Every structure is written in structure tokens, then in C-alpha cells.
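Inspection log for the structure reproduced underneath, given as C-alpha cells.
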Amino acid sequence: MYKYVLFDLDGTLTDSKDGIINSVAYALEKMGESTEGRLDQHTVVGPPLLTTFEEVYGFSPEKARRTYAYFQERYSTIGKFENRAFDGIVPMLKTMKEAGIRSFVATSKPQVHAEAICQKFGIAPYVEAIAGPAVGGTDTKADVMRRILDGLGPLQPGDAVMVGDRRFDVIGAHELGLPVIYVTYGYGNEAERKAFQPEYTADTVAALGQLLLQA
Numbered sequence: 001m002y003k004y005v006l007f008d009l010d011g012t013l014t015d016s017k018d019g020i021i022n023s024v025a026y027a028l029e030k031m032g033e034s035t036e037g038r039l040d041q042h043t044v045v046g047p048p049l050l051t052t053f054e055e056v057y058g059f060s061p062e063k064a065r066r067t068y069a070y071f072q073e074r075y076s077t078i079g080k081f082e083n084r085a086f087d088g089i090v091p092m093l094k095t096m097k098e099a100g101i102r103s104f105v106a107t108s109k110p111q112v113h114a115e116a117i118c119q120k121f122g123i124a125p126y127v128e129a130i131a132g133p134a135v136g137g138t139d140t141k142a143d144v145m146r147r148i149l150d151g152l153g154p155l156q157p158g159d160a161v162m163v164g165d166r167r168f169d170v171i172g173a174h175e176l177g178l179p180v181i182y183v184t185y186g187y188g189n190e191a192e193r194k195a196f197q198p199e200y201t202a203d204t205v206a207a208l209g210q211l212l213l214q215a
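Listed below in C-alpha cells is the structure:
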């Protein structure tokens with residue numbers, strides 16, 4: 001059984017797609033841009049949005065920053081609460097805490113929003129820390145995870161695991177030498193899973209709980 005579990009937030013603990021997609025649509029419309037073909041959940045949910053705006057939409061860095069500012073305009077007040085914890089997540093986290101497993105959130109979402117979401121949807125009482133970038137920050141997933149790991153002291157192999165649903169979770173964890181449980185109920189896809197080769201896969205929250213709580 002793992003001692004420490006780092007969870008991604010969007011697509012892993014919460015079903016956040018509506019708030020993100022609606023806020024990206026708002027930002028594109030404010031920029032006078034078409035939303036057609038640009039709101040697929042695999043594109044906009046999970047990756048850092050500045051990266052999406054530049055690399056997928058082809059925006060210049062300056063245009064990406066302006067688009068992101070409009071996104072934050074809606075997301076920070078409305079969008080972050082167009083969200084819910086996946087069924088079974090809060091009971092699983094409670095059981096893990098009772099078993100002595102220490103849980104953390106490591107997200108690409110701005111930390112201030114992640115903290116509000118975890119509080120709103122009943123996750124906060126069961127996680128020790130929530131780490132994410134500043135609004136508009138450029139921390140990678142590995143940077144965010146490292147902040148948590150640095151506070152845990154020396155780790156032995158098998159002490160910690162990352163749980164996530166996108167390639168960024170796998171890349172960041174492997175950079176730091178952590179195994180990954182890839183949850184397929186999130187916003188990734190089979191091609192991404194095969195390409196980035198997580199150590200384990202969980203198709204449901206129940207299956208995830210079994211992996212994390214097995215002796």
C-alpha cells in the first residue's frame with residue numbers, strides 16, 4: 001500500500017469539463033474568435049491552457065495571455081463551480097485517510113482555484129496539501145509535484161504514486177521517478193495512454209480505490 005498519493009484534479013477527482021469548456025468559449029468569443037472545432041474536452045481539459053492557446057490554437061504568446069485573461073474572468077467567478085466530484089471519490093479519500101494513506105492534490109490549475117474547488121466539493125478534509133501554479137504561472141506538472149515531494153523527506157521506491165488522466169501527469173511523474181495510475185474515466189484517451197505508458201490503469205473510481213488500498 002502506498003504511503004503517499006498525489007492526485008491530479010480535473011478528470012481525476014472532479015468532473016470539471018463544463019466549467020472549463022464554457023469559460024474557454026467565453027474567452028474565444030471575447031477575442032472575436034470562432035469556437036467551432038475548438039472545444040473538444042480532450043483539447044481544453046487537462047493541459048495548461050496557455051499551452052493549448054499557443055500550440056493548438058496557434059495564438060501568439062501575447063494573444064494567448066489576453067485569451068487566458070478572459071478565461072479567468074469567467075472561470076474565477078462562475079466556471080470553477082460548474083463542477084462535481086466524481087461519484088465515489090470523497091468516500092474513497094475518506095477510507096484512504098482512515099487507512100493512514102496521505103493524499104495530496106497536484107494540479108496544473110491555479111492553486112487558488114483548486115483550493116476553492118476542493119473545499120466546495122468535499123475533498124479538502126481528506127488531502128494534506130493542494131499544489132498548483134499561480135494564476136498565469138508557468139509551472140510544469142513536475143514542478144508542482146516536486147513541491148509536494150520536497151516536503152515529504154527521502155522516499156523509498158513504492159512509497160508514492162501519481163494518479164492522473166492525461167499525458168502531463170505521466171510525463172511529470174516519470175520525470176520524478178514516480179509510478180502512475182492512469183484513470184480512463186477522465187479526459188485522456190486510449191492513444192495517449194498507449195503512447196505514454198503509465199504503470200497502471202484504472203477504468204473506474206472503484207478500481208482506483210482497490211489499487212490504492214490493496215495491502
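Quick note: the sequence shown uses full-length UniProt numbering, first residue 1, plus one each step. Glycine is no exception: its CB is placed at the ideal position from the N, C-alpha and C atoms. Predicted model, so just to flag it, every value in this text is computed and none were measured.
Same chain, Cβ closer than 6 Å to residue i, neighbours up to 5 away in sequence not counted
i	result
Leu50	Ala64 and Tyr68
Lys30	Tyr70
Leu28	Thr35
Phe196	Arg167 and Val170
Ser23	Phe71, Arg74, Tyr75 and Gly79
Phe53	Phe59, Ala64 and Thr67
Asp143	none
Pro154	none
Whole-angstrom C-beta distance between residue j and residue i, which should lie under 8 Å
i	j	result
Leu6	Met145	6 Å
Pro133	Gln111	7 Å
Nearest neighbour of residue i, chosen from the options [CA to CA]
i	options	result
Glu199	Ala206, Tyr182 and Thr35	Tyr182
Thr184	Arg84, Gly177 and Thr204	Thr204
Pro61	Tyr2, Met1 and Thr138	Thr138
Gln210	Gln156, Gly79, Asn83 and Gly88	Gly88
Gly79	Val90, His113 and Phe59	His113
Thr14	Gly151, Ile101, Phe53 and Glu115	Glu115
Ala85	Phe121, Arg102, Tyr75 and Gly58	Phe121
Gly100	Val135, Gly177, Gln111 and Tyr2	Tyr2
Tyr26	Thr77, Gly58 and Tyr4	Thr77
Gln214	Glu54, Ala134 and Met96	Met96
Gly136	Arg38, Phe59, Arg66 and Leu208	Arg66
Ser108	Asn83, Phe81 and Lys141	Lys141
Glu82	Gly19, Leu39 and Gly58	Gly19
Leu176	Gly32, Gly37 and Asp150	Asp150
Same chain only: Cβ atoms within 7 Å of residue i, ignoring 5 sequence neighbours per side
i	result
Ile148	Leu6, Phe104, Ala106, Ala129 and Ala131
Ala124	Cys118
Gln41	Lys17, Ile21 and Tyr187
Val56	Thr43
Leu152	Tyr4
Leu178	Ala160, Val161 and Met162
8 Å CB neighbourhood of residue i in its chain, flanking five on each side removed
i	result
Arg166	Asp8, Gly11, Gly46, Pro47, Gly186, Tyr187, Gly188 and Glu192
Val180	Val161, Met162, Val163, Gly164, Asp169, Val170, Ala173, His174, Pro198, Glu199 and Tyr200
Tyr126	Val90, Leu93, Lys94, Met96, Lys97 and Ser103
Ala207	none
Leu212	Met1, Tyr2, Val5, Met92, Met96, Ile101, Val161, Val163 and Ile181
Leu39	Ile21, Val24 and Ala25
Opposing strand residues paired with residue i [DSSP bridges]
i	result
Thr12	DSSP, once it has assigned bridges, lists no residue as partnering Thr12.
Tyr200	Ile181
Phe7	Val105 and Val163
Ala85	Thr14
Any chain B beta carbon closer than 7 Å to residue i
i	result
Glu82	Going by chain labels, chain B is absent from the structure shown, which holds only one protein chain.
* Asked: Enumerated in chain order, which unbroken segments of the alpha helix (DSSP H) with a length of 4 residues or greater are wholly contained in the stretch 20 to 53?
  -> 41 to 44
* To do: With a floor of 3 residues, list each beta strand (DSSP E) that falls wholly inside the stretch 117 to 150, ordered by position along the chain.
  => 129 to 131
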